[in-house]
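Read through the structure below, which is laid out as structure tokens, and then see the notes.
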Amino acid sequence: MLCKKLRPAILPLLVLLLTLCCAPAYGFDTAADDHLLILVNSAHRLDAAYQPDNLQDIADRAPSKKGSMKLAAPAAEAYVQMIDAYRAEHRQAVYSISGYRDYAYQKRLFLSKLNHRQQAGQSYNTAYRNTLLYTAQPGTSEHQTGLAIDLSTNAALSNNFRNTVQGKWLLANCWDYGFVLRYDENKTRETAIAYEPWHYRYVGLPHSLIMRENDWVLEEYISTLQQQGMVEFADPADDDVLWQIYWTDDTLQEFDGVQSVSSDNAGGYIITTKTSRISSILTAWAREAVSVGFLQPRTAA
Ligand SMILES: [Zn+2]
1 MLCKKLRPAI LPLLVLLLTL CCAPAYGFDT AADDHLLILV NSAHRLDAAY
51 QPDNLQDIAD RAPSKKGSMK LAAPAAEAYV QMIDAYRAEH RQAVYSISGY
101 RDYAYQKRLF LSKLNHRQQA GQSYNTAYRN TLLYTAQPGT SEHQTGLAID
151 LSTNAALSNN FRNTVQGKWL LANCWDYGFV LRYDENKTRE TAIAYEPWHY
201 RYVGLPHSLI MRENDWVLEE YISTLQQQGM VEFADPADDD VLWQIYWTDD
251 TLQEFDGVQS VSSDNAGGYI ITTKTSRISS ILTAWAREAV SVGFLQPRTA
301 A
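In the working numbering, the protein residues as written are 1 to 301.
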């Protein structure tokens, strides 16, 4: 039984020993940056020119109130999959209201909401403050990443979405598809954005599950990674799979089992690694064996 379990771990162990003994440091592949964990808020802005290069239109694959509804490819695929799962259970439609928005659109939107409040009688300062609560300044909107989507039962965004069949299903199930409720009502201090039951953000798996388990919004997740350097997560679907999520600002740092790399827009990279628990134990043993001299790293002749 033990031998059967150990067998799949032998190859990674040999690879690790070779790596420890022979390999020079090259760092991780920054060109593989998928931006999925990018943090965007008033303190972490995007350039006016930032635009995803993998936008997909989902308007013909899921109900939408617009003729065109663009998301970055991984978010688009996951969204369609999530809505298909919802539609298999319920008849009431979930409509997408807003997906990718470029910088110029966000600028027009912000100024129009500001003007509207001023015309309704609010002073400039009050109107500006109230607009900031619900509408991001250009460069601070997650919609510019192509990873955020606003949803509704009709054409309007409403706090009542939380009480609808659609809103309840999404809140319970979004995590399994890599989405998170970005602006939680209990996290307005952390996000500095009012409660928005309609705004979902794609971060990918296993990050959505890690954030749900720890009750973290993206600000808290990234700040924990920065402080601790690493977060571990046992895969709920596979006993032997251990996710280790690292944060680093050193692009020459080496990681084993890298699944994805994302810049965080906060000075570093988040490296998602996946390992077998058994091979992790053997890896720790091998490192220990090298450190005490039981195994000798090869030196240059
Ligand atoms: Zn939104």
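Just so you know, even glycine gets a beta-carbon here, dropped at the ideal spot from N, CA and C.
Note that the coordinates shown come from a computational prediction; the quantities given were computed from them, not determined experimentally.
Ordered along the chain, which non-local residues of its own chain (more than five positions away) have a Cβ less than 7 Å from that of residue i?
i: TYR134; result: ALA194
i: ARG277; result: ASP240 and LEU242
i: GLY257; result: THR273, LYS274 and THR275
So, is residue i buried or exposed, given that buried needs 16 or more other C-beta atoms within 10 angstroms?
i: THR140; result: buried
i: PRO74; result: buried
i: ARG201; result: buried
i: HIS143; result: buried
i: SER262; result: buried
i: GLN227; result: exposed
i: PRO236; result: exposed
i: GLN253; result: exposed
i: THR126; result: exposed
i: TYR124; result: exposed
Given 6 Å as the limit, tell me if residue i has its C-beta closer than that to any heavy atom belonging to ligand 1.
i: ASP150; result: yes
i: HIS90; result: no
i: HIS199; result: yes
So, with DSSP's three-state summary, where would you put residue i?
i: ARG201; result: strand
i: SER98; result: strand
i: ALA48; result: coil
i: LYS65; result: coil
i: ASP33; result: strand
i: CYS22; result: Because CYS22 sits at a pLDDT of 48, beneath the cut-off of 50, its placement in the model cannot be relied upon, and the point is left open.
i: VAL258; result: strand
i: GLU196; result: coil
i: GLU89; result: helix
i: ASN304; result: Past the boundaries of the shown model lies residue 304; the chain is included only from 1 to 301, so the question cannot be answered.
i: ALA136; result: coil
i: LEU157; result: coil
i: GLU77; result: helix
i: GLY167; result: helix
i: ASP235; result: coil
i: TRP285; result: helix
i: PHE28; result: coil
i: GLU219; result: helix
i: ALA172; result: helix
Tell me which same chain residues have a C-beta within less than 8 Å of the C-beta of residue i, skipping the five on either side of it?
i: LEU109; result: ARG101 and THR135
i: SER68; result: ASP57 and ALA59
i: THR164; result: GLN92 and THR153
i: TYR269; result: PHE28, THR30, ASP33, TRP247, THR248, ASP249, THR251, VAL261, SER262 and SER263
i: PRO63; result: ILE83, ALA93, VAL94, TYR95 and SER96
i: GLN122; result: ASN130
i: TRP175; result: SER208, LEU209, MET211 and ARG212
i: GLU190; result: VAL217, GLU219 and GLU220
i: ASP184; result: THR191, TYR195 and VAL217
Tell me residue i's beta-bridge partners as DSSP assigns them.
i: LYS274; result: TRP243
i: MET230; result: TYR246
i: ALA148; result: ARG201
i: LYS70; result: ASP57
i: PHE179; result: TYR202
i: TYR269; result: THR248 and SER263
i: ASN41; result: HIS44
So, for residue i: in the same chain, excluding its five sequence neighbours on each side, which residues have a beta-carbon less than 6 Å away from its beta-carbon?
i: THR272; result: ILE245, GLN259 and SER260
i: ASN306; result: Here the chain comprises residues numbered 1 to 301, so residue 306 is not present and cannot be evaluated.
i: PRO52; result: ALA72 and GLY146
i: LYS65; result: TYR95, ILE97 and ALA155
i: ARG87; result: none
i: ILE210; result: PHE233
i: LEU205; result: GLY178
i: ASP106; result: Looking at the sequence shown, residue 106 is not Asp but Gln. If we look at GLN106 and ignore the five residues flanking it on each side, its Cβ neighbours are PRO138 and SER141.
At the 7 Å Cβ level, is residue i part of the contact set with chain B, yes or no?
i: ASP150; result: You won't find chain B in this structure, because it holds only one protein chain.
Could you tell me if the beta carbon of residue i falls within a distance shorter than 6 Å of some heavy atom in ligand 2?
i: ALA31; result: Ligand 2 is not among the ligands present in this structure, which contains only ligand 1.
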